[in-house]
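Visitor:
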Amino acid sequence: MPVSASSNPSADPGALESALAERAIARLRAASPQAQAALDEPSLRARLARVAVVSDFAIDTLVRQPEVLLALAADNGATPAPPPVLDSEHRSDWGTRLRRYRSAGSTRLIWRDVLGLDSVEDTLEGSTHLAEVCLQTALHALEHEFEQRHGAVRTADGERVRLVVFGLGKLGGAELNFSSDVDLVYAYEHDGGTQFDGRDPARALDAETYFAKLGQQLARLLDEITAEGFCHRVDLRLRPYGNAGRVAWSFAAMEQYFQREGRDWERYAWQKARPVAGDIDAGERFLEALRPFVYRRYLDFGALDGLRSMKAAISAEVARKELADDIKRGPGGIREIEFLVQALQLIRGGREAELRGRRLLPALRELVAQRQIGEEAGENLADDYRYLRQLENRLQMLRDAQTHALPGGDADRARIASGLAYPDWAALLTELERRRERITAEFEALLAPRRRRAAPDALTAYWRALPEAGDADTLADAGFEAAADADAALRDFARSPGVRGLSDAVRARLDRVLPALLQGAAASSQPMLALKRLLALLHNVLRRSAYLALLDEQPAALSRLIEVVSRSALLAERLASHPLLLDELLDARVVGPLPDREELLAACAEVDGGDDTEASLQALNEVRQSLSFRIAMALRDGRQSAEDSARQLAWLADGVVVRVLAMAEQEVAAAHGRVPDARFAVLGYGSLGGEELGFGSDLDLVFLYDAPAVEGGATSDGARPLDAPRWFARLAQKIVALLGAVTAAGRLFDVDVRLRPDGAKGLLVSSLASFSEYQYERAWTWEHQALVRARFVAGDADLHGKFDAVRARTLARTRDADKLRGDVAAMRARMQAELDRSDAAYFDLKQGEGGLVDLEFLLQYLVLRDSAQAPALLSPRDTPGLIAAARDAAALADAQAEALGRAHSVLLAAGLECTLDRRPRRVVEDDAIATARSAIGVAMREQGLRLPR
1049 MPVSASSNPS
1059 ADPGALESAL
1069 AERAIARLRA
1079 ASPQAQAALD
1089 EPSLRARLAR
1099 VAVVSDFAID
1109 TLVRQPEVLL
1119 ALAADNGATP
1129 APPPVLDSEH
1139 RSDWGTRLRR
1149 YRSAGSTRLI
1159 WRDVLGLDSV
1169 EDTLEGSTHL
1179 AEVCLQTALH
1189 ALEHEFEQRH
1199 GAVRTADGER
1209 VRLVVFGLGK
1219 LGGAELNFSS
1229 DVDLVYAYEH
1239 DGGTQFDGRD
1249 PARALDAETY
1259 FAKLGQQLAR
1269 LLDEITAEGF
1279 CHRVDLRLRP
1289 YGNAGRVAWS
1299 FAAMEQYFQR
1309 EGRDWERYAW
1319 QKARPVAGDI
1329 DAGERFLEAL
1339 RPFVYRRYLD
1349 FGALDGLRSM
1359 KAAISAEVAR
1369 KELADDIKRG
1379 PGGIREIEFL
1389 VQALQLIRGG
1399 REAELRGRRL
1409 LPALRELVAQ
1419 RQIGEEAGEN
1429 LADDYRYLRQ
1439 LENRLQMLRD
1449 AQTHALPGGD
1459 ADRARIASGL
1469 AYPDWAALLT
1479 ELERRRERIT
1489 AEFEALLAPR
1499 RRRAAPDALT
1509 AYWRALPEAG
1519 DADTLADAGF
1529 EAAADADAAL
1539 RDFARSPGVR
1549 GLSDAVRARL
1559 DRVLPALLQG
1569 AAASSQPMLA
1579 LKRLLALLHN
1589 VLRRSAYLAL
1599 LDEQPAALSR
1609 LIEVVSRSAL
1619 LAERLASHPL
1629 LLDELLDARV
1639 VGPLPDREEL
1649 LAACAEVDGG
1659 DDTEASLQAL
1669 NEVRQSLSFR
1679 IAMALRDGRQ
1689 SAEDSARQLA
1699 WLADGVVVRV
1709 LAMAEQEVAA
1719 AHGRVPDARF
1729 AVLGYGSLGG
1739 EELGFGSDLD
1749 LVFLYDAPAV
1759 EGGATSDGAR
1769 PLDAPRWFAR
1779 LAQKIVALLG
1789 AVTAAGRLFD
1799 VDVRLRPDGA
1809 KGLLVSSLAS
1819 FSEYQYERAW
1829 TWEHQALVRA
1839 RFVAGDADLH
1849 GKFDAVRART
1859 LARTRDADKL
1869 RGDVAAMRAR
1879 MQAELDRSDA
1889 AYFDLKQGEG
1899 GLVDLEFLLQ
1909 YLVLRDSAQA
1919 PALLSPRDTP
1929 GLIAAARDAA
1939 ALADAQAEAL
1949 GRAHSVLLAA
1959 GLECTLDRRP
1969 RRVVEDDAIA
1979 TARSAIGVAM
1989 REQGLRLPR
């Protein structure tokens, strides 16, 4: 029992601790002869003295179970005790055995915590494991008893159905505090009954009745208070409809409930849900099906409104019940950290699988890694969380009470302070208040009222008056030169069914967002253009209130949106067509360093839609859209060069092709098996091969295979075998089809396969031998030019090496210089005549004289002419690399190579800028363009590649 403050003044912590230790040791000596002998050991008495300060409950347990003291004396609780045996012969002892096991296990946790042998995380995990063992042991015994009495629940097909026990809250998160209740929900996968187990149908139990009875007995076995206390308090109120709802729910009924009636607080509750007993595998299947309810596919800033409501209710409860000293629910308490982390998980977890973890500290680390929480703030929150959880545990360890309130008595305060190594209570309180203030500051920042610059009252009043009233002069005053046109567009928008059909809550968001968008559009360089693009976007996002919530809650995203749509038609179109990209406006990574080649390949490889091809393609397309948007933003903002952007787009395409190849192989193999020991490769030609891809570019692909020479020809080993040529043709067709398939996220890429041997008349897939023979014996000079930029993109590494060897042998052959020059010049002249769209006003950046294609032809000519003597020319495929190789081989002078490099940069940047603004790649010639054209034109003429006109 506790020591009173009067008999042990808290002003003298040493005296208090000494009195507690002496009393505990005296009680233990009296309890057991074995304990008396063990207590002769000074080190054990010293350890006990520290435990006695912290926990009356632990000393009470050791008095009742001296064998626990002996075990702790031996190894300091390094090895947990085995679970209790609940056999039918001792049915009446089940409750006692569970309670004694739980008391002993809890005492072990206290011992290790007090002696500094376990971290806070270890203690929380240990408390969780202890509860799980008790649940599983009790349920296993009760299931056996129920089956003996009633039979098992089975479906009509005879499949056995078991109870699933979901742990929510801190049990689900494996972060159970020392004396917590356990939040449980009972469920089962299929309807059925015991009649399908051979029982009398007249006396059979249906699944709901059976599992409700089983669940009620489980709760009673755990939380009834007996002479041994309780095992675990059980709380079943988090099930659908709470206490008014049925005790056990079928999966189908729960799914229907969450789809129709699930509330915001239930998303928070089920975020941490975990099957902890019963049919664990079935429970995991249900949680996977429930994931779209918990985590939306888009950035879900609407979750903040739910969090605000929950916080307001809790604050009212704190004020009503005077819970300011409650370290869980009070200001700066544990719950604020939990809400902060869970809110950010809910907002972003639909897009970032790494944020779906149940445990708080790993989730917090991931939020820091994804730059959603600052590094210093993350470290502080983690440190404060551990501090509060240890203090919470110590409050509960004192007497195994489910309390979160700071003690009022001097003696208890002195014990808590001493156990945590504080000189007195005042020192602990000072540290606690400092941490609580820091937590509250972070939490309030998350829920702070919107801090955008308020739109002028006139714009707000104008918008709310539409469509019947409102004065267009308001728009003119705001900065819209074409105020009448803007007014007409806004009135049409206000009349649209999408706006008229909005709920009150969503309409309120739109009424806050739209005036701010008007203000931003008016301040842009092209107000009317920005407004048209913004209204197109809003038409599409009205159906998804979460996107309005994003713009409403995040002024930074709103400002970024106005900037993007006013400066780039392409990005505006993509945002309107794929509102999921709005998430990118807030992603900290969008303004950080961009992924390298390996990271881009990994991002595509990680896409997993299971066996659902359409889902996989959509997920892959979302990844491609997001990453290409990020690349476009970096280029648009001037954070990286055009060359780097084009290269990253090519690497991203590589990743897409690699992933699609794996999907296609899986589908063809499922139908026809595989061709043993055969190899396949996807080659990239053109801008893909040259790592100079644009936004919206198609892919020039060529397919190769190499199959072993066997009698009768190689065939696949499936139920419906195909010979190797047909198998690989089927594979190539599947790749082209998957890349071009239209999904909700658009199509991946258009594909052009006309650069294969014999062009459109040739086979879609070439064997390595036929490809080699064609290139060496029959290919035209222009096909060898195309081969200069060709590179391996996906497939088997062995065939990669063989292709490179064929390419090198082909390109490095000895050629007649005059014939080569004539062929290249003639082909370039023909292309320019057919494709050059230059005129007196505009220059065609790609096909015009002195444009990018001229530069490509020049470099291809130098490779074909000189690579026999300079093999280093064979390695690069990209333009900057080819220029450098030609300079090193003395095919270009240093000054000329430098000029050509600058020319390439200028023309490529101008081309990508046109693409971003959805303009043809034709520009008015300025000084930079003229200088670039001149450098390329001079080099072409010097090499004799310009035919006389």
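Each residue of the sequence shown is one higher than the one before, counting from 1049 in the numbering used here. Just so it is clear, CB atoms sit at the ideal spot from N, CA and C, and this is done for glycine as well.
Looking at V1911 and M1879, is the spacing between their C-beta atoms short of 8 Å?
Guide: Result no, Cβ atoms of M1879 and V1911 do not sit closer than 8 Å.
Visitor: Any idea if Q1833 is buried or exposed, counting beta-carbon neighbours within 10 angstroms, 16 or more meaning buried?
Guide: It counts as buried.
Visitor: Which same chain residues, not among the five before or five after L1648, have their C-beta less than 8 Å away from its C-beta?
Guide: L1675, Q1696, W1699, L1700, D1702 and G1703, listed in sequence order.
Visitor: Using the Cβ count rule (16 or more neighbours within 10 Å means buried), how would you classify V1209?
Guide: With 16 or more Cβ atoms within 10 Å of its Cβ, V1209 is classed as buried.
Visitor: How about Y1236 and S1298: are their beta carbons less than 8 Å apart?
Guide: Closer than 8 Å, so yes.
Visitor: Counting along the chain, where does the beta strand (DSSP E) carrying R1837 start and finish?
Guide: R1837 -> no beta strand (DSSP E), and no H or E assigned at all.
Visitor: Taking the alpha carbon of L1146 as the point to measure from, which residue in P1288, L1270, A1417 and L1216 has its own alpha carbon closest?
Guide: Ranking P1288, L1270, A1417 and L1216 by Cα distance to L1146 puts L1270 first.
Visitor: Kindly indicate which three-state DSSP category S1820 falls into: helix, strand or coil?
Guide: If DSSP states are grouped into helix, strand and coil, S1820 belongs with the helices.
Visitor: Which same chain residues end up closer than 6 Å to R1156 when comparing Cβ atoms and leaving out the 5 residues on each side of it in sequence?
Guide: If we look at R1156 and ignore the five residues flanking it on each side, its Cβ neighbours are G1125.
Visitor: Apart from the five residues on each side of it in sequence, which residues of its chain come closer than 6 Å, Cβ to Cβ, to G1405?
Guide: The residues are A1411.
Visitor: Extract the residue ranges of the beta strand (DSSP E) inside the stretch 1218–1287, only unbroken runs of 3 or more that lie entirely within it.
Guide: DSSP runs (the beta strand (DSSP E)) wholly in the stretch 1218–1287: 1230–1236.
Visitor: Quick one: grab the DSSP three-state call for W1297.
Guide: DSSP places W1297 in strand when its eight states are reduced to three.
Visitor: Rounding to the nearest angstrom, what Cα-Cα distance links L1787 and S1923 in this structure?
Guide: Rounded to the nearest angstrom, the two C-alpha atoms are 28 Å apart.
Visitor: Output needed for I1984: all residues of its chain with C-beta closer than 6 Å, excluding positions within five of it in sequence on either side, in chain order.
Guide: Same-chain partners within the cutoff: G1898, D1902, L1903 and A1951.
Visitor: Please check the pair L1883 and T1858, which I expect to be a contact at CB under 8 Å, by giving their CB distance rounded to whole angstroms.
Guide: At roughly 26 Å, the Cβ-Cβ gap does not stay under 8 Å, so L1883 and T1858 are not in contact.
Visitor: Which two residues bound the contiguous alpha helix (DSSP H) that contains G1153?
Guide: It spans W1142 to V1162 - the alpha helix (DSSP H) in which G1153 sits, taken as one unbroken run.
Visitor: On the criterion of 16 or more Cβ atoms from any shown chain inside 10 Å, does H1198 qualify as buried, or is it exposed?
Guide: Classification for H1198: buried.
Visitor: Do the stretch 1111–1124 and the stretch 1180–1197 make contact, defined as three or more Cβ pairs closer than 8 Å?
Guide: Contact between the stretch 1111–1124 and the stretch 1180–1197 is absent, because fewer than three Cβ pairs lie under 8 Å.
Visitor: Are the Cβ atoms of I1977 and A1947 separated by less than 8 Å?
Guide: No; because the gap between Cβ atoms is not below 8 Å, this pair is not in contact.
Visitor: Within a Cβ cutoff of 7 Å, which residues of the same chain sit near F1221, ignoring the five residues on either side of it in sequence?
Guide: Before going further, note that residue 1221 is Gly rather than Phe in the sequence given. So the qualifying residues of the chain are K1320, R1406, R1407 and L1408.
Visitor: Beta carbon of Y1433: closer than 7 Å to some heavy atom of the ligand GTP?
Guide: Ligands displayed in this structure: none; no statement on the ligand GTP is therefore possible.
Visitor: Is it the case that the stretch 1378–1393 contacts the stretch 1414–1422, given that we only count it when at least three CB pairs across the two stretches are under 8 Å?
Guide: Judged by Cβ distances under 8 Å, the stretch 1414–1422 makes contact with the stretch 1378–1393, as three or more pairs qualify.
Visitor: How would you write the range of the alpha helix (DSSP H) that A1100 sits in, first residue to last?
Guide: Per DSSP, A1100 belongs to the alpha helix (DSSP H) from P1090 to V1102.
Visitor: Run through the DSSP bridge pairs and tell me what R1727 is partnered with.
Guide: In DSSP, R1727 forms a bridge with D1754.
Visitor: Are V1854 and Q1895 touching if we call contact CB-CB under 8 Å?
Guide: Against a cut-off of 8 Å, the Cβ pair of Q1895 and V1854 comes out as no contact.
Visitor: Could you round the C-beta distance between G1326 and L1187 to whole angstroms and report it? I think they count as a contact, below 8 Å.
Guide: Going by Cβ atoms, the distance from G1326 to L1187 rounds to 6 Å, so yes, they are a contact pair.
Visitor: Since I believe G1240 is in contact with H1203 (beta carbons under 8 Å), could you give me their beta-carbon distance rounded to a whole number of angstroms?
Guide: What sits at residue 1203 in the sequence shown is Thr, not His. Right, the Cβ-Cβ distance comes to about 4 Å (below 8 Å), so this counts as a contact.
Visitor: According to DSSP, P1323 sits in a beta bridge with which residue or residues?
Guide: Paired residues: F1214.
Visitor: Using a Cβ distance threshold of 8 Å, determine whether the stretch 1074–1089 contacts the stretch 1102–1115, with at least three qualifying pairs required.
Guide: Touching, yes, given that three or more Cβ pairs across the two stretches are closer than 8 Å.
Visitor: Note down the Cα distance separating E1739 from S1572, rounded to an integer number of angstroms.
Guide: Taking the straight line joining both Cα atoms gives about 34 Å.
Visitor: How long is the line joining the alpha carbons of G1732 and E1646, rounded to whole angstroms?
Guide: Rounded to whole angstroms, G1732 to E1646 spans 18 Å at the Cα level.
Visitor: Let me know the secondary structure DSSP gives Y1909 once reduced to three states.
Guide: DSSP places Y1909 in helix when its eight states are reduced to three.
Visitor: Here's the rule: buried if 16 or more other CB atoms are within 10 angstroms of the residue's CB, otherwise exposed. What is R1970?
Guide: That one is buried.
Visitor: CB A1337 to CB E1386, shorter than 8 Å?
Guide: No, these two residues do not count as a Cβ contact at 8 Å.
Visitor: Write down every uninterrupted run of the alpha helix (DSSP H) in the stretch 1726–1814 whose length is 4 residues or greater and which is fully enclosed by it, in chain order.
Guide: Segments of the alpha helix (DSSP H) lying fully in the stretch 1726–1814: 1734–1737 and 1772–1788.
Visitor: Taking the C-alpha atoms as reference points, what is the distance between A1987 and D1798?
Guide: Those two C-alpha atoms are separated by around 34 Å.
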